[in-house]
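Engineer: Residue numbers (my numbering): -8 to 213.
All C-beta atoms, glycine included, are put in the ideal place defined by N, C-alpha and C.
Only a predicted model underlies this, so the values are computations on that prediction, with no experimental measurement involved.
What follows is a structure written as structure tokens; I'll ask about it next.
Okay, structure coming up:
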């Protein structure tokens, strides 16, 4: 897999480039992984509902063709776009999502933070009271507040075209988190969103991008 660390790039141009790459690729096209950072932008998935944007406060809202609901991208967030031929990799979508989440969990573990999955809510979450705790989440979750005590540190939304993936996963490193208050993150009202800085991990974008890229690349090998 070719890893391209693109750094700060324009969201719309990057989206167009992902589509073009996917449309043009053939059965022998090598997979790529793009690591990006964006200026502030809200992105809506195919299931996105306008009323989940509470107050955009001048931040652009872009409609996309990925799965999921609304999320926020901004400086201090590593956005990873794996461009992968799932047929060649030999996995179905559920396994692909599991591997993306595993790469996030492994990346967080390298910084002393334990990531958790929540059934039916793609992405990775952390315990707000003890981010390093390895204790498994006990269930079932409270139906009235399924994310009680948790914060979301990574959001996931993908698109599959002719067995090939684009869009991907965003991991929060050191962000201005206020724009998340302007939306129902991923469609969940009141869901707390955190970054590594909130959790007491002080690092930089480049260090997390490198580690995250390595873990994703390892997870997406045949």
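Sort out for me which residues DSSP pairs residue 163 with in a bridge.
Structural biologist: By one-based count along the chain shown, residue 163 stands at place 172. BP columns for residue 163 point to 68.
Engineer: Can you check DSSP and say which residues form a bridge with residue 151?
Structural biologist: As a position in the chain shown, residue 151 is number 160, starting the count at 1. Note: residue 151 sits in a beta bridge opposite 156.
Engineer: Measuring alpha carbon to alpha carbon, tell me which residue in 120, -5, 30, 147 is nearest residue 111.
Structural biologist: Taking the first residue of the chain shown as position 1, residue 111 is located at position 120. Nearest C-alpha to residue 111: 147.
Engineer: Would residue 12 and residue 70 qualify as a contact pair, given that the criterion is a beta-carbon distance under 8 Å?
Structural biologist: Looking up residue 12 in the chain shown gives position 21. Looking up residue 70 in the chain shown gives position 79. No.
Engineer: Please report how far the alpha carbon of residue 26 lies from the alpha carbon of residue 136, in whole angstroms.
Structural biologist: Along the chain shown, read from residue 1 onward, the residue named residue 26 stands at position 35. Along the chain shown, read from residue 1 onward, the residue named residue 136 stands at position 145. Their Cα atoms are separated by approximately 33 Å.
Engineer: For residue 120, which residues of its own chain have a beta-carbon under 7 Å away from its beta-carbon, when the five flanking residues on both sides are left out?
Structural biologist: Walking along the chain shown from the start, residue 120 turns up at place 129. 140, listed in sequence order.
Engineer: For the stretch 2 to 75, list the alpha helix (DSSP H) runs that are entirely contained and at least 4 residues long, ordered along the chain.
Structural biologist: Runs found: 2 to 15.
Engineer: Using the beta-carbon count (16 or more within 10 Å), is residue 43 buried or exposed?
Structural biologist: As a first step, residue 43 is located in the chain shown; it is residue number 52 there, counting from the start. Residue 43 should be labelled buried.
Engineer: Three-state secondary structure (DSSP) at residue 105?
Structural biologist: Numbered from its first residue, the chain shown carries residue 105 at position 114. Looking at residue 105 - three-state DSSP - the assignment turns out to be coil, as it is neither helix nor strand.
Engineer: If you run the structure through DSSP and keep just helix, strand and coil, what is residue 88?
Structural biologist: Residue 88 sits at position 97 when you count from the first residue of the chain shown. In the structure shown, residue 88 sits in a helix (DSSP, three-state: H, G or I).
Engineer: Please confirm whether residue 81 and residue 104 have their CB atoms less than 8 Å apart.
Structural biologist: Looking up residue 81 in the chain shown gives position 90. Looking up residue 104 in the chain shown gives position 113. Result no, Cβ atoms of residue 81 and residue 104 do not sit closer than 8 Å.
Engineer: Put residue 144 into one of helix, strand or coil per three-state DSSP.
Structural biologist: As a working mapping, residue 144 is identified with position 153 in the chain shown. Correct three-state label for residue 144: strand.
Engineer: Could you compute how far the alpha carbon of residue -1 sits from the alpha carbon of residue 9?
Structural biologist: Counting from 1 along the chain shown, the entry for residue -1 is found at position 8. Counting from 1 along the chain shown, the entry for residue 9 is found at position 18. Spanning the two alpha carbons is a distance of roughly 16 Å.
Engineer: Excluding the five sequence neighbours on either side, which residues of its own chain have a C-beta within less than 7 Å of the C-beta of residue 102, listed in chain order?
Structural biologist: Taking the first residue of the chain shown as position 1, residue 102 is located at position 111. Here the set comprises 187, 192, 194.
Engineer: Taking buried to mean at least 16 other C-beta atoms within 10 Å of its own C-beta, is residue 86 buried or exposed?
Structural biologist: Translated into the one-based positions of the chain shown, residue 86 becomes position 95. Burial call: exposed.
Engineer: Which whole-angstrom value describes the C-beta separation of residue 33 and residue 157, a residue pair presumed to lie in contact below a C-beta threshold of 8 Å?
Structural biologist: Position 42 of the chain shown holds residue 33. Position 166 of the chain shown holds residue 157. Incorrect: roughly 19 Å between the Cβ atoms, too far for contact.
Engineer: Give the single residue among 125, 61, 77, 115 whose Cα lies nearest to the Cα of residue 16.
Structural biologist: The residue you call residue 16 lines up with position 25 of the chain shown. Here the closest residue by C-alpha is 77.
Engineer: Would you identify the three-state DSSP class for residue 137, choosing helix, strand or coil?
Structural biologist: Position 146 of the chain shown, counting from 1, holds the residue named residue 137. Coil.
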